[in-house]
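Novice:
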DNA sequence: GTGTAATCGAGACGGTACGTCCAGTCTTACA
DNA sequence: TGTAAGACTGGACGTACCGTCTCGATTACAC
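Protein chains in written order, with this note's numbering: chain A, 38 to 225; chain B, 38 to 225; chain C, 38 to 225; chain D, 38 to 225.
So this is what it looks like as structure tokens:
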């Protein structure tokens with residue numbers, strides 16, 4: 038079990054510098070405009086070091102974005118029984134997290150990476166849609182509306198995605214109303 | 038003021054061949070993998086001819102996709118007064134159009150093009166979100182629920198976008214339920 | 038048979054600029070230190086343009102050197118019957134051509150290229166050794182010493198090669214004496 | 038003054054394995070194609086160990102080649118007084134050594150290394166040209182033809198060099214005749 | 001008909017990013 | 001301290017593609 042690795046160990050410093058540089062540059066210039074040469078230079082790292090750990094620009098961006106940004110989910114872990122309050126709480130938290138940071142821009146980068154790299158797409162789903170769907174499902178099932186769980190998740194994921202993709206801030210602010218409509222529309 | 042053009046006129050045949058080749062290749066290999074050299078070869082057209090009509094690969098893809106695919110909207114032109122029936126009709130039509138063809142794949146290409154080219158993004162919004170929002174707004178206002186118009190549009194656009202982006206067929210089939218929830222949740 | 042080429046024709050300006058830049062940089066920094074990036078920049082040419090016309094750095098250097106430098110041979114075209122005078126004349130001419138210019142440095146570059154690229158080696162032989170051997174052979178045969186032709190060529194080629202490779206100026210100046218020894222040693 | 042070394046002593050085994058691996062690989066693939074990674078792997082040695090003994094790839098190749106191959110000279114240590122016999126003896130010995138082994142290929146590697154590394158060039162001259170010149174000079178001076186010593190050395194070095202560089206086997210076999218011409222041409 | 005001028009297919013051009021490869025250095029654990 | 005292993009920075013390599021430019025050939029309109 039000792040595995041006793043041999044040779045120089047991976048430089049955590051380099052890995053973190055690359056991830057940070059990637060985030061900074063993606064935010065500054067957008068996903069498509071960023072090049073690995075720039076990232077390597079900004080991270081003060083050899084280009085080969087990047088390729089040693091990520092097999093493509095897409096995989097790197099997916100990692101860089103997910104590592105720091107994606108924690109939209111873990112709030113609605115235990116439904117309180119009050120569906121409306123649970124959803125509002127979660128949604129407001131998500132909006133806040135998206136608003137304060139440059140998270141939306143990073144998500145867009147992730148979306149672009151997903152278009153090229155299937156693994157990035159899978160990671161994005163796993164980190165974004167799946168937990169959200171699970172949380173929403175738990176909340177709905179605990180209030181006896183389990184049959185609407187998937188639809189509710191569709192709606193919430195879709196609305197957030199749309200607000201991100203289209204850079205539509207008003208839509209972001211209307212998400213609270215979406216929750217109300219959802220709660221009311223799935224009653225009985 | 039006649040403007041009487043001189044010289045060889047542009048070839049409509051070439052323009053159409055390019056659009057068709059673009060669609061075919063985007064469907065076959067995806068947006069990122071397609072190159073203008075391939076498109077030009079498939080369309081039996083010189084590369085410069087493409088640039089005479091479109092200023093970039095992104096603009097071309099936007100045109101190619103929008104020209105054929107994007108007619109999600111014109112169905113709900115006149116609200117009948119029955120909100121639920123109007124929305125269902127429109128939504129079922131949209132789903133059908135998305136299901137039978139490779140429309141979803143083309144939308145994804147359009148999304149990718151939008152990430153690089155602002156004009157493509159604007160065109161996508163103009164052709165996809167705006168008409169949808171207008172139609173939904175008209176339907177809601179004609180039934181006295183105008184204050185929910187934007188939210189309803191957010192929800193429908195978002196749900197469709199999500200189904201497209203994530204290639205989630207079940208979600209596509211649940212859109213009818215979304216309409217029901219929406220109608221019920223915005224009552225009174 | 039007209040061949041009537043289609044497409045943009047090759048840019049002679051670019052070709053000449055690349056060859057000149059190659060010569061300049063090889064003289065300035067030596068063969069091994071020169072990179073195609075530098076050559077492309079100095080010639081104000083795209084890198085791909087170089088690769089379009091030469092399949093490697095070696096082939097380019099061979100071309101660049103041979104294009105301008107290699108005219109050691111054509112002097113001894115018609116043997117006069119006086120072997121000693123013919124050889125001296127040719128040898129002095131060769132030495133002069135090697136001395137005044139940077140020819141020796143270019144030859145060394147060519148030699149280095151030949152080590153990597155067989156085609157370059159063949160071209161070097163064809164342009165340097167073969168004509169020299171032919172001229173020497175003609176001179177020897179016309180004076181009834183044909184059986185020494187090859188040996189004489191070996192000697193003269195070798196002596197010049199050595200003077201080039203080892204940057205041995207005194208050896209260069211002794212070539213006249215070599216001719217005398219050669220003429221005397223092959224008499225009768 | 039004891040200098041009493043501390044720590045693990047250097048491994049002579051490693052040094053010899055590196056030299057042997059270098060020779061093998063240079064012979065198998067040529068100088069330019071060989072990499073230090075390959076050499077280290079073949080010698081079952083760490084890469085750093087190589088750099089502890091040699092400061093560059095060129096220095097290593099120079100050492101590897103010279104260590105085994107270069108002993109062209111020591112035969113004509115004491116001139117016998119019979120110039121022709123001395124030269125023939127030496128030359129035949131040299132040819133034999135060059136023919137049986139892969140010495141010519143190794144020389145070419147050495148030549149390539151010399152192009153990059155001045156020290157390698159100096160070592161090559163010291164090991165190849167200088168002793169040869171000394172031996173030839175001794176032989177010529179002991180027979181009263183001292184004034185031809187340098188020229189004779191030029192010729193013999195050049196002829197051998199040419200045979201090596203151009204892979205010209207016939208030229209190698211004509212070296213005996215060169216000696217005859219040289220002896221005859223420098224008489225009186 | 002003939003001239004003129006813009007378009008056409010073809011393909012080279014400058015430029016730039018990619019992903020690979022290697023040299024020479026550095027950092028581990030082990031001997 | 002020397003060693004094998006292997007990651008590190010740095011930078012050249014050769015390929016691919018973009019958007020532009022330059023050919024000869026084509027094609028419509030103006031004369």
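Just so you know, even glycine gets a beta-carbon here, dropped at the ideal spot from N, CA and C. Just so we're clear, the structure is a prediction, and the values are computed from it rather than from any experiment.
Who are the Cβ neighbours of residue 201 of chain C in its own chain at under 6 Å, not counting the five residues just before and after it?
Specialist: Residue mapping note: residue 201 of chain C aligns to position 164 of the third chain, counting from 1. Closer than 6 Å at the Cβ level, and outside the excluded window around residue 201 of chain C, lie 141, 144.
Novice: Out of curiosity, what's the CA-to-CA distance linking residue 163 of chain A and residue 149 of chain C?
Specialist: As a first step, residue 163 of chain A must be located in the first chain, where it is residue number 126. As a first step, residue 149 of chain C must be located in the third chain, where it is residue number 112. Distance between the alpha carbons of residue 163 of chain A and residue 149 of chain C: 56 Å.
Novice: Report all residues from its chain with a CB closer than 7 Å to the CB of residue 75 of chain B; omit the five preceding and five following residues, and keep chain order.
Specialist: For this step, residue 75 of chain B is matched to residue 38 along the second chain. The residues are 62.
Novice: On a CA-only basis, which of C/99, C/47, C/119 is nearest residue 89 of chain C? Give me that one, please.
Specialist: Here residue 89 of chain C refers to the residue found at position 52 of the third chain. Nearest of C/99, C/47, C/119 to residue 89 of chain C, Cα basis: C/47.
Novice: How should residue 43 of chain A be labelled, buried or exposed, when 16 other C-beta atoms within 10 angstroms of its C-beta is the threshold for buried?
Specialist: By one-based count along the first chain, residue 43 of chain A stands at place 6. So residue 43 of chain A counts as exposed.
Novice: Going by C-alpha to C-alpha distance, which of B/196, B/181, B/173, B/180 sits closest to residue 187 of chain B?
Specialist: Along the second chain, one-based indexing puts residue 187 of chain B at 150. If we check each option's Cα against that of residue 187 of chain B, B/173 comes out closest.
Novice: Does residue 69 of chain A come within less than 7 Å of chain B when only Cβ atoms are used?
Specialist: In the first chain, counting from the first residue as 1, residue 69 of chain A sits at position 32. Output row for residue 69 of chain A: interface = yes.
Novice: Can you name the residues of chain C whose CB is closer than 7 Å to the CB of residue 72 of chain D?
Specialist: For the purposes of this step, residue 72 of chain D is identified with residue 35 of the fourth chain, where counting begins at 1. Here the premise fails: no neighbours, minimum Cβ distance about 14 Å.
Novice: From B/205, B/93, B/117, B/171, pick the residue whose C-alpha is nearest to that of residue 167 of chain A; which is it?
Specialist: Against the first chain, residue 167 of chain A aligns to sequence position 130. Closest option to residue 167 of chain A, Cα to Cα, is B/205.
Novice: Could I get the ranges of all uninterrupted alpha helix (DSSP H) runs contained in the region 88-167 of chain D, with 4 residues as the minimum, in chain order?
Specialist: As far as the region 88-167 of chain D is concerned, its whole alpha helix (DSSP H) runs of at least 4 residues are 94-106, 120-137, 140-153, 155-161.
Novice: Contact defined as beta carbons within less than 8 Å: I believe residue 231 of chain C pairs with residue 199 of chain C. What is the distance between those atoms, to the nearest angstrom?
Specialist: In this structure chain C extends from 38 to 225, so residue 231 of chain C is not present and cannot be described.
Novice: With distances taken Cα to Cα, identify the nearest neighbour of residue 175 of chain D among D/147, D/215, D/203, D/116.
Specialist: In the fourth chain, the residue the question calls residue 175 of chain D occupies position 138. Answer by Cα proximity: D/116.
Novice: Can you tell me the Cβ-Cβ gap for residue 22 of chain D and residue 68 of chain C, rounded? I've got them flagged as a contact below 8 Å.
Specialist: With chain D represented from 38 up to 225, any question about residue 22 of chain D goes unanswered, as that position is not in the structure.
Novice: To the nearest angstrom, report how far apart residue 192 of chain A and residue 105 of chain A are at their CA atoms.
Specialist: Sequence index remark: in the first chain, residue 192 of chain A carries index 155 (1-based). Sequence index remark: in the first chain, residue 105 of chain A carries index 68 (1-based). If you take the alpha carbons of residue 192 of chain A and residue 105 of chain A, they lie about 25 Å apart.
Novice: Mind listing which residues of the region 45-64 of chain A have their C-beta closer than 8 Å to chain B's C-betas, in chain order?
Specialist: Answer in chain order: no residues at all.
Novice: Less than 7 Å separating the beta-carbons of residue 214 of chain A and residue 223 of chain B?
Specialist: Here residue 214 of chain A refers to the residue found at position 177 of the first chain. Here residue 223 of chain B refers to the residue found at position 186 of the second chain. In this structure, residue 223 of chain B does not lie closer than 7 Å to residue 214 of chain A by Cβ.
Novice: So, with DSSP's three-state summary, where would you put residue 185 of chain A?
Specialist: Here the question's residue 185 of chain A lines up with position 148 in the first chain. Helix.
Novice: Going straight from the alpha carbon of residue 130 of chain C to that of residue 53 of chain C, what length do you get?
Specialist: Start at 1 with the first residue of the third chain, and residue 130 of chain C comes out as number 93. Start at 1 with the first residue of the third chain, and residue 53 of chain C comes out as number 16. Cα to Cα, residue 130 of chain C sits roughly 27 Å from residue 53 of chain C.
Novice: In the DSSP assignment, the alpha helix (DSSP H) including residue 58 of chain A goes from what residue to what residue?
Specialist: Residue mapping note: residue 58 of chain A aligns to position 21 of the first chain, counting from 1. First-last of the alpha helix (DSSP H) with residue 58 of chain A: 49-66.
Novice: Where residue 99 of chain C and residue 161 of chain B are concerned, what is the direct C-alpha to C-alpha distance, given to the nearest angstrom?
Specialist: If you number the third chain from 1, residue 99 of chain C lands on position 62. If you number the second chain from 1, residue 161 of chain B lands on position 124. Whole-angstrom Cα-Cα distance: 55 Å.
Novice: When the cut-off is 7 Å and only beta carbons count, does residue 215 of chain A lie next to chain B?
Specialist: Position 178 of the first chain holds residue 215 of chain A. Yes, its Cβ sits closer than 7 Å to a Cβ of chain B.
Novice: Which of the residues in the region 188-205 of chain B, read from start to end, lie with their CB under 7 Å from any CB of chain A?
Specialist: Answer in chain order: 188, 191, 192, 194, 195, 196, 198, 199, 202, 203.
Novice: Would you say residue 160 of chain A faces chain B, with C-beta separation under 7 Å as the test?
Specialist: Locating residue 160 of chain A in the first chain gives position 123, where the first residue counts as 1. With 7 Å as the cut-off, residue 160 of chain A does not count as an interface residue toward chain B.
Novice: Hey, residue 86 of chain B and residue 58 of chain B: beta-carbon distance below 7 Å or not?
Specialist: The residue labelled residue 86 of chain B in the question sits at position 49 within the second chain. The residue labelled residue 58 of chain B in the question sits at position 21 within the second chain. Cβ distance not < 7 Å, so residue 86 of chain B and residue 58 of chain B don't count as in contact.
Novice: Given a cut-off of 7 Å, decide if residue 102 of chain C and residue 146 of chain C are closer than it, judged by their beta-carbon atoms.
Specialist: The sequence position of residue 146 of chain C within the third chain is 109, counting from 1. The sequence position of residue 102 of chain C within the third chain is 65, counting from 1. Yes, Cβ-Cβ distance for residue 146 of chain C and residue 102 of chain C is below 7 Å.
Novice: Can you check whether the C-beta of residue 122 of chain D is within less than 7 Å of a C-beta belonging to chain C?
Specialist: Here residue 122 of chain D corresponds to residue number 85 of the fourth chain, with the count starting at 1. No, residue 122 of chain D does not count as interfacial toward chain C.
Novice: Hey, how far is the Cα of residue 165 of chain C from the Cα of residue 91 of chain B?
Specialist: In the third chain, the residue the question calls residue 165 of chain C occupies position 128. In the second chain, the residue the question calls residue 91 of chain B occupies position 54. Looking at the two C-alpha atoms, the distance is approximately 54 Å.
Novice: Between which two residues does the alpha helix (DSSP H) carrying residue 206 of chain A extend?
Specialist: Counted from its first residue, the first chain places residue 206 of chain A at position 169. Counting along the chain, the alpha helix (DSSP H) containing residue 206 of chain A begins and ends at 206-210.
Novice: Assuming residue 83 of chain C contacts residue 179 of chain C under a Cβ cut-off of 8 Å, what Cβ separation, rounded to an integer in Å, is found between them?
Specialist: Start at 1 with the first residue of the third chain, and residue 83 of chain C comes out as number 46. Start at 1 with the first residue of the third chain, and residue 179 of chain C comes out as number 142. So it is not a contact: roughly 52 Å between Cβ atoms.
Novice: Kindly list, in the order they appear in chain B, the residues whose Cβ is closer than 8 Å to that of residue 88 of chain A.
Specialist: Your numbering for residue 88 of chain A matches position 51 in the first chain. Under the 8 Å cutoff, chain B gives no residues; its nearest Cβ is about 19 Å from residue 88 of chain A.
Novice: In chain order, what residues of the same chain lie with their CB nearer than 8 Å to the CB of residue 111 of chain D, ignoring the 5 residues before and after it?
Specialist: Locating residue 111 of chain D in the fourth chain gives position 74, counting from the first residue. For residue 111 of chain D, the predicted structure reports a pLDDT of 47, less than 50, and the residue's modelled location is therefore unreliable. A value from the coordinates is still provided. Counting only Cβ-Cβ distances below 8 Å, and skipping sequence neighbours, we find 168.
Novice: Would you say residue 154 of chain D and residue 95 of chain D are within 7 Å of each other, going by their C-beta atoms?
Specialist: Indexing the fourth chain from 1 puts residue 154 of chain D at position 117. Indexing the fourth chain from 1 puts residue 95 of chain D at position 58. Yes, Cβ-Cβ distance for residue 154 of chain D and residue 95 of chain D is below 7 Å.
Novice: At what residues does the alpha helix (DSSP H) containing residue 75 of chain D begin and finish?
Specialist: Locating residue 75 of chain D in the fourth chain gives position 38, where the first residue counts as 1. Start and end: 73-80.
Novice: Output yes or no for whether 7 Å exceeds the beta carbon distance between residue 78 of chain A and residue 55 of chain A.
Specialist: Position 41 of the first chain, counting from 1, holds the residue named residue 78 of chain A. Position 18 of the first chain, counting from 1, holds the residue named residue 55 of chain A. The answer is no: Cβ separation not under 7 Å.
Novice: In angstroms with no decimal places, state the Cα-to-Cα distance between residue 135 of chain B and residue 49 of chain C.
Specialist: Counting from 1 along the second chain, the entry for residue 135 of chain B is found at position 98. Counting from 1 along the third chain, the entry for residue 49 of chain C is found at position 12. Rounded to whole angstroms, residue 135 of chain B to residue 49 of chain C spans 54 Å at the Cα level.
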